[in-house]
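Order-wise, the sequence lines are chains R and E.
Residue numbers for the first sequence, in my numbering: 9 to 282.
Residue numbers for the second sequence, in my numbering: 19 to 351.
Virtual Cβ for every residue (Gly too), placed ideally from N, Cα, C.
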Amino acid sequence: MKPKNIKKYMAFSKAGILSGFAYKFSAFGWLLGDAISLMILYFLWKAIYQNASSDVINGMTFEEMVSYLIYARIGTTLVFSTASFWIIGEDIYEGNIAISLIRPINYRYRLLATSFGNFLSALILMFVPLMSLSMLLFHFTLEIPIPGILNFGWFFASVILSFMIADSLNFLIGEMALFTNALFGLMIIKNITLSFFSGSLLPSSFFPNWLEITMKFLPFQSMIETPIMILMGKLEGYQLLSTFLMQFVWVFVLNAVCNLSFNAMKKRVVSVGG
Amino acid sequence: MAMIELRNVKKCFKKPVRKPGILGMFKTLFSMKYTVTEAVKDISFSLNEGEIVGYIGANGAGKSTTIKMMCGILTPTSGEIYVDGYLPYDPKQRKHVLGKIGVVFGQRTQLWWDLPLVESLTILKQIYDIKESDYQERFDFIKEVLDLTPFLSQPVRTLSLGQRMRADLAASLIHNPKILFLDEPTIGLDVLVKDKMIQAIKDIHQRYHTTIVLTTHNMDDITDLCQRVIILDEGIILYDGPLKMLKNKFGDIRHIKFTCKEKFDTNVFKHHFDGLCDVVLEDETYSIAFDISKISINQVLKVILDNASVSDISIVENSLESIVKTIYETKKY
Numbered sequence: 009m010k011p012k013n014i015k016k017y018m019a020f021s022k023a024g025i026l027s028g029f030a031y032k033f034s035a036f037g038w039l040l041g042d043a044i045s046l047m048i049l050y051f052l053w054k055a056i057y058q059n060a061s062s063d064v065i066n067g068m069t070f071e072e073m074v075s076y077l078i079y080a081r082i083g084t085t086l087v088f089s090t091a092s093f094w095i096i097g098e099d100i101y102e103g104n105i106a107i108s109l110i111r112p113i114n115y116r117y118r119l120l121a122t123s124f125g126n127f128l129s130a131l132i133l134m135f136v137p138l139m140s141l142s143m144l145l146f147h148f149t150l151e152i153p154i155p156g157i158l159n160f161g162w163f164f165a166s167v168i169l170s171f172m173i174a175d176s177l178n179f180l181i182g183e184m185a186l187f188t189n190a191l192f193g194l195m196i197i198k199n200i201t202l203s204f205f206s207g208s209l210l211p212s213s214f215f216p217n218w219l220e221i222t223m224k225f226l227p228f229q230s231m232i233e234t235p236i237m238i239l240m241g242k243l244e245g246y247q248l249l250s251t252f253l254m255q256f257v258w259v260f261v262l263n264a265v266c267n268l269s270f271n272a273m274k275k276r277v278v279s280v281g282g
Numbered sequence: 019m020a021m022i023e024l025r026n027v028k029k030c031f032k033k034p035v036r037k038p039g040i041l042g043m044f045k046t047l048f049s050m051k052y053t054v055t056e057a058v059k060d061i062s063f064s065l066n067e068g069e070i071v072g073y074i075g076a077n078g079a080g081k082s083t084t085i086k087m088m089c090g091i092l093t094p095t096s097g098e099i100y101v102d103g104y105l106p107y108d109p110k111q112r113k114h115v116l117g118k119i120g121v122v123f124g125q126r127t128q129l130w131w132d133l134p135l136v137e138s139l140t141i142l143k144q145i146y147d148i149k150e151s152d153y154q155e156r157f158d159f160i161k162e163v164l165d166l167t168p169f170l171s172q173p174v175r176t177l178s179l180g181q182r183m184r185a186d187l188a189a190s191l192i193h194n195p196k197i198l199f200l201d202e203p204t205i206g207l208d209v210l211v212k213d214k215m216i217q218a219i220k221d222i223h224q225r226y227h228t229t230i231v232l233t234t235h236n237m238d239d240i241t242d243l244c245q246r247v248i249i250l251d252e253g254i255i256l257y258d259g260p261l262k263m264l265k266n267k268f269g270d271i272r273h274i275k276f277t278c279k280e281k282f283d284t285n286v287f288k289h290h291f292d293g294l295c296d297v298v299l300e301d302e303t304y305s306i307a308f309d310i311s312k313i314s315i316n317q318v319l320k321v322i323l324d325n326a327s328v329s330d331i332s333i334v335e336n337s338l339e340s341i342v343k344t345i346y347e348t349k350k351y
C-alpha cells in the first residue's frame with residue numbers, strides 16, 4: 009500500500025477509536041463483567057488444584073495455570089475487539105454493501121482499519137487496567153514474576169498478528185450473512201468455537217492428542233495461545249521464530265481468502281443487485 | 019462532451035422462483051428456476067455539464083436502478099453508460115468515476131453512525147484526498163448554506179431526519195463532485211426543511227456548476243429546480259425534454275372552482291362554450307377546467323358571474339403533479 013493510501017485508512021482507525029470511546033459506559037460494563045469472571049476463574053482453578061492428586065496438571069503448576077488463563081482472558085479483549093463481523097453482517101443484512109462501493113476505498117481494509125481503532129480503544133479501556141491490576145495482584149499474592157519488557161515487546165508484535173487473523177476470520181464468518189439473517193446465532197457459534205480452539209478457555213495441552221496435533225495446522229491457536237505463551241516466556245529462540253512464521257502465513261492466507269470471497273460477493277451484488 | 023451518456027441501457031434481474039411453505043423453501047434452495055424481470059428496458063439519454071434534470075416515474079419505474087447503474091453499483095445487462103467518459107461499473111475504470119460523483123440516497127445514510135458529523139467529514143476529506151485549502155473553502159460554504167453549525171459536533175445517530183438529510187447532502191458534496199445524484203432527498207421532510215434543502219441545492223449548483231440528477235415524488239421540487247425532466251415508466255422513457263414543453267403539450271389548463279348559494283344549471287356552459295370545457299360538481303363545489311389558449315378566462319368568469327350567485331371562487335393552474343398523474347395513468351405522452 010502506498011503511504012498516501014495508509015493515511016486514508018488511518019482515518020477509519022481514528023473513527024474506530026472514537027466509536028469505541030462513544031460507548032465508554034458499556035466498556036465499563038464489560039470491564040466489570042470481565043473482572044468478575046476473572047475472579048471466578050481464579051477460584052475455580054484453585055479448587056481444582058486443591059483436589060488434584062498432584063501439584064502439576066498437564067505439566068502446569070497452579071501459578072502457571074492461573075496466570076495463563078487470566079492473561080488469555082485479558083488478551084481476548086484485545087484480539088477479539090474486531091467489529092468486522094457486525095459491520096459486514098449488518099451491511100449485508102441492510103443492503104448497504106452496494107452503497108459502500110461508491111467510496112473510492114477498499115471495503116475489506118476499511119473494516120480492518122476500523123477494527124484496529126477498536127483494538128486501540130480496547131487496549132486503553134480494557135487491556136491496560138485489567139492487565140496491570142492482575143499483574144500486581146499476582147506479584148503480591150502468588151509471587152508470580154511480572155513479565156519482562158522483551159516479553160511484552162514480542163507479545164504485542166504477536167498480538168497484532170493475532171488480531172489480524174481474528175479480524176479475517178470474523179470477516180469471513182460475517183460474509184455468511186449473505187445466506188442467513190441469523191447474525192446473533194452465528195455470533196454465538198463463532199464466539200464459542202473461536203474461544204475454545206484459540207486456547208482462550210484452556211491451553212491446548214488439555215486437548216486429546218489428535219486434536220492438539222490438528223490444531224497446530226489451523227489458524228486458531230495463533231490467536232490467543234501463541235501470544236500468551238510468548239508473554240509468559242514459554243517460547244524462545246527457534247520456537248519463537250517458527251510461531252511468528254506460522255502467524256505470518258495465516259495472516260497472508262486468510263487475507264487472500266477474504267479478498268477473493270469479497271470480490272466474488274461484489275460481483276454478485278453488482279450483477280444481481282443489492 | 020456530454021457529462022453522462024446512456025446508450026440503450028437494459029437491466030434484468032434474475033430472481034429464483036420461490037414456492038410457499040417450509041418444504042417449498044427447501045425446494046427453492048435446489049431449484050434452478052428463475053424469473054427474469056426487466057427493471058429497465060431500453061433507456062438512452064445524455065446530460066450536459068451543469069444541467070439539473072428531474073428524473074421522475076412511479077414506484078418501480080426503474081429510477082433507482084438507473085441511478086445505481088450510473089454510480090457503478092449495478093452493471094447493465096446490455097448497453098453502455100459513460101460518466102465523464104468512463105464506464106462506472108467497469109472494475110478498471112471505476113476509480114476515475116468514483117471521485118467525480120456524489121450520491122444521496124434519501125432512504126439511508128452513508129455517514130458513520132457513532133461519529134460526530136465533523137469527524138465524518140474529516141474522514142471523507144482523507145478518503146478523497148482533498149487539499150486542505152479546498153476543503154476549508156467548501157466546508158465553510160456548505161456549512162453556511164445547509165446550516166450545519168448547530169449539530170456539527172453531534173453523533174449522527176442523534177440527529178433528526180431533517181438534520182441527517184442535510185448532513186448527508188453535505189457529505190456527498192465535500193469532495194466537489196462534478197455530478198450529484200439525489201435519490202429522493204426530500205423524502206419525509208417538513209415544508210420548512212424541504213425549502214431549505216431546495217434552496218441549498220440551488221446555491222450549490224450556482225456556485226459549483228454541478229450536474230444534478232434528481233429523483234423525487236414531490237413535483238414541487240422538480241418545478242423549483244429543474245429545467246428538464248425525464249419521465250420513466252416501466253423501464254422506458256415516456257418523455258424527455260424541457261419542463262415548459264410538457265406543460266404546453268398538455269395545454270395550459272386552468273381550473274375555476276366556485277360554490278354558490280343556490281342550485282346552478284351547468285347546461286349554461288354547454289350552451290356558451292360547446293364542449294370546450296369540463297364541468298364537475300363535487301361536494302357542492304363546481305369545478306370548470308378549460309384551456310386558456312382556446313377560451314379566454316374573461317368569458318368564463320363572465321358567464322359564471324352572470325348566471326350564479328357565487329359565494330366563493332378560486333382559480334388554479336394545472337400543476338405538474340396532475341400532468342404527471344395523467345401520464346402515469348394513460349402510459350403515454
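Inset, instruction - Taking only the alpha-carbon atoms, compute the straight-line gap between R/S27 and E/V174 and give it to the nearest angstrom. - result: 12 Å
Inset, instruction - Return the chain-ordered list of same chain residues with a C-beta closer than 7 Å to the C-beta of E/I310, the five sequence neighbours on each side being excluded. - result: D270, R272
Inset, instruction - Mark E/N266 as exposed unless 16 or more other C-beta atoms lie within 10 angstroms of its C-beta, in which case mark it buried. - result: exposed
Inset, instruction - Between the Cα of R/L120 and those of R/S21, R/F270, R/R81, spot the shortest distance and give me the residue it belongs to. - result: R/S21
Legend entry - Completely contained beta strand (DSSP E) runs for the region 79-164 of chain R, where each covers 3 or more residues: none
Inset, instruction - Please name the residue, chosen from E/A79, E/I70, E/S329, that lies closest to E/I197 on a Cα-to-Cα basis. - result: E/I70
Legend entry - Own chain partners of E/G206 with C-beta closer than 7 Å, once the 5 adjacent residues on each side are dropped: L179
Inset, instruction - Anything in the region 113-127 of chain E with a Cβ closer than 8 Å to a Cβ of chain R? List those residues in chain order, please. - result: K113, L116, G117, I119, V121, F123, R126
Inset, instruction - Look at the alpha carbon of E/V297 and the alpha carbon of E/I341, and state the distance between them as a whole number of angstroms. - result: 18 Å
Legend entry - Below-8 Å beta-carbon distance, E/C89 vs any chain A residue: The structure shown contains no chain A; its protein chains are R and E.
Inset, instruction - Report the residues of the region 147-175 of chain E with a CB closer than 8 Å to any CB of chain R, ordered along the chain. - result: D147, P173
Inset, instruction - List the residues of chain R that E/E137 touches, going by C-beta distances under 7 Å, in chain order. - result: A23, L26
Inset, instruction - Kindly indicate the opening and closing residues of the beta strand (DSSP E) around E/K275. - result: 271-278
Legend entry - Proximity of E/I354 and E/L294 at Cβ, strictly below 8 Å: This structure cannot settle anything about residue 354 of chain E, because the visible part of chain E is limited to 19 through 351.
Legend entry - Sheet register partners of E/L65 (DSSP bridge): E/I22
Legend entry - Residues that DSSP places opposite E/D251 in a beta bridge: E/I254
Inset, instruction - Using a cut-off of 9 Å between C-beta atoms, extract the partners of R/R111 located in chain E. - result: L116, Q128, L142, I145, Y146
Legend entry - Positions along the region 181-215 of chain R whose CB lies within less than 7 Å of some CB in chain E: none
Inset, instruction - Leaving out five residues on either side along the sequence, give the residues of the same chain with a beta carbon under 8 Å from the beta carbon of E/Y146. - result: G117, I192, H193
Legend entry - Where E/Q128 falls, given that 16 or more other Cβ within 10 Å makes a residue buried: buried
Legend entry - Backbone CA spacing between R/T122 and R/I25 [nearest angstrom]: 8 Å
Inset, instruction - Could you tell me the boundaries of the beta strand (DSSP E) in which E/S190 lies? - result: Note, E/S190: premise wrong, no beta strand (DSSP E); alpha helix (DSSP H) at 179-191.
Inset, instruction - Could you tell me which chain E residues have their CB closer than 9 Å to the CB of R/I14, listed as they occur along the chain? - result: Within chain E, no residue comes near R/I14; the closest Cβ sits about 10 Å away, beyond 9 Å.
Inset, instruction - Can you say whether E/I345 is buried or exposed, counting buried as having 16 or more other CB atoms within 10 angstroms of its CB? - result: buried
Legend entry - Other residues of its chain near E/P195: CB distance less than 6 Å, five sequence neighbours each side excluded: K118, I119, G120
Inset, instruction - Run the CB neighbour count on R/A60, radius 10 Å, all protein chains shown included, and call it buried at 16 or more, exposed below. - result: exposed
Legend entry - First through last residue of the beta strand (DSSP E) which encompasses E/G72: 70-75
Inset, instruction - Could you tell me which residues DSSP pairs with E/K100 in its beta bridges? - result: The amino acid occupying residue 100 of chain E in the given sequence is Tyr; Lys does not appear at that position. E/E23, per the DSSP bridge assignment.
Inset, instruction - Answer yes or no: does any C-beta atom of chain R fall closer than 8 Å to that of E/L200? - result: no
Legend entry - Within-8 Å CB hit, E/L133 to chain R: yes
Legend entry - Where R/Y76 falls, given that 16 or more other Cβ within 10 Å makes a residue buried: buried
Legend entry - Simplified DSSP assignment, three categories, for E/T84: helix
Legend entry - Rounded straight-line distance, which links the Cα of R/A165 to that of R/I209: Here residue 209 of chain R turns out to be Leu, not Ile, going by the sequence shown. So the alpha carbons of these two residues sit roughly 22 Å apart.
Inset, instruction - Pick helix, strand or coil for E/K37, following the three-state DSSP scheme. - result: coil
Inset, instruction - With hydrogens ignored, establish whether the beta-carbon of R/I107 is closer than 7 Å to any heavy atom of the ligand FMN. - result: By its list of ligands, the structure shown contains no ligand whatsoever, and the ligand FMN lies outside what it can speak to.
Legend entry - One or two residues paired with E/I230 in a DSSP bridge: E/I70, E/L198
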